[in-house]
Amino acid sequence: EAGVTQFPSHSVIEKGQTVTLRCDPISGHDNLYWYRRVMGKEIKFLLHFVKESKQDESGMPNNRFLAERTGGTYSTLKVQPAELEDSGVYFCASSQTRAASDNEQFFGPGTRLTVL
Amino acid sequence: DAKTTQPPSMDCAEGRAANLPCNHSTISGNEYVYWYRQIHSQGPQYIIHGLKNNETNEMASLIITEDRKSSTLILPHATLRDTAVYYCIVTRAGGTSYGKLTFGQGTILTVHP
């Protein structure tokens, strides 16, 4: 069974440009999460989808970030326009349930974003 | 979410047991303790979780104190590949935003030959 995949693995863009990150969760996983780690900081939650609905987007830093999950399958995270402080590693994770008793999340390898 | 406290770093000799402590003194009765690890630049990896009973799987054992205020992750025979950052996370069981993981600084475990 394929794990969580993310594309691209690396992206280098200039300040002001737009970047779109993609995440393909494990097939059948309704729950999809985005996290990110900026340099020297902890991994932080961004948002959580249940199927195509945004369940919790409390971690989204500002309105330059837009996440979508059309059809409840893959998800995209667009940053427009990118700023220097957006540099970091963006992780996607998926899980079958979000119940605390069974919330094993499977993480992708991450997308390393560098904004120059 | 209940806050967790872990030592910033620990060392362990290869082949020996690695015991990683975690304090979660404000944990609520329906909150679970989860452990994840991140090896180098990979995505975090689930290890084990529990509510109040001790748990064991093929990767590790989790010992939770009776008052649930602390826990210990045990890697019974550490290998060099176990060198990673280990995160102890308490997850909410309900409310409007349960499901997300709140990562702290974690413990950097270094396994040496």
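So the protein sequences, as listed, match chains A and B.
Going by the numbering used here, the first sequence opens with residue 1, and the numbers climb by one from there.
Going by the numbering used here, the second sequence opens with residue 117, and the numbers climb by one from there.
Glycine is no exception: its CB is placed at the ideal position from the N, C-alpha and C atoms.
No experiment lies behind these values; they were computed from the predicted model shown.
| query | result |
| --- | --- |
| Specify, as a first and last residue, the run of the beta strand (DSSP E) that Val149 (chain B) falls within. | Tyr148 to Gln154 |
| Within the same chain, show all residues whose beta-carbon is closer than 8 Å to that of Thr120 (chain B), passing over the 5 residues directly before and after it, in chain order. | Cys138, Asn139, His140, Cys204, Ile205, Val206 and Gly220 |
| Please work out which residues of its chain come closer than 7 Å, Cβ to Cβ, to Thr5 (chain A), disregarding the five sequence neighbours upstream and downstream, and give them in chain order. | Asp24 and Gly108 |
| Pick from B:Lys185, B:Leu189, B:Pro160 and B:Leu196: whose alpha carbon is nearest that of Asn173 (chain B)? | B:Leu189 |
| With C-beta atoms as the reference, is Leu113 (chain A) less than 8 Å away from Ser11 (chain A)? | yes |
| As an exercise, report each continuous alpha helix (DSSP H) stretch of at least 4 residues that is fully enclosed by the segment 20-92 of chain A, in chain order. | none |
| Exposed or buried, which one is Pro160 (chain B) when buried takes at least 16 other CB atoms within 10 Å? | buried |
| So, is Asn31 (chain A) buried or exposed, given that buried needs 16 or more other C-beta atoms within 10 angstroms? | buried |
| Would you mind working out which of A:Ser27, A:Gly3 and A:Ile13 sits nearest Lys78 (chain A), comparing C-alpha positions? | A:Ile13 |
| Under a three-way DSSP split, which group does Leu189 (chain B) fall into? | strand |
| Name the residue from B:Ile155, B:Leu136 and B:Glu171 whose alpha carbon lies nearest to the alpha carbon of Gln122 (chain B). | B:Leu136 |
| Using the Cα positions of Thr181 (chain B) and Ala82 (chain A), report the straight-line distance between them to the nearest angstrom. | 46 Å |
| With distance defined between alpha-carbon atoms, name the residue in B:Arg208, B:Ile164, B:Arg197 and B:Ile163 nearest to Ala129 (chain B). | B:Arg197 |
| Closer than 9 Å between beta carbons: that is the criterion. Which residues of the segment 142-167 of chain B meet it against chain A? | Asn146, Glu147, Tyr148, Tyr150, Tyr152, Gln154, Ser157, Gln158, Gly159, Pro160, Gln161, Tyr162, His165 and Leu167 |
| Whose Cβ in chain B lies nearer than 7 Å to the Cβ of Pro25 (chain A)? | By Cβ distance, chain B contributes nothing, its closest Cβ being about 12 Å from Pro25 (chain A), past 7 Å. |
| Quick one: give me the first and last residue of the beta strand (DSSP E) that Pro12 (chain A) is part of. | Note that residue 12 (chain A) is Val in the sequence shown here, rather than Pro. Run containing Val12 (chain A): His10 to Ile13, per the beta strand (DSSP E) assignment. |
| Is the separation between the beta-carbon of Ser177 (chain B) and that of Asn170 (chain B) shorter than 8 Å? | yes |
| Are Thr223 (chain B) and Met126 (chain B) touching if we call contact CB-CB under 8 Å? | yes |
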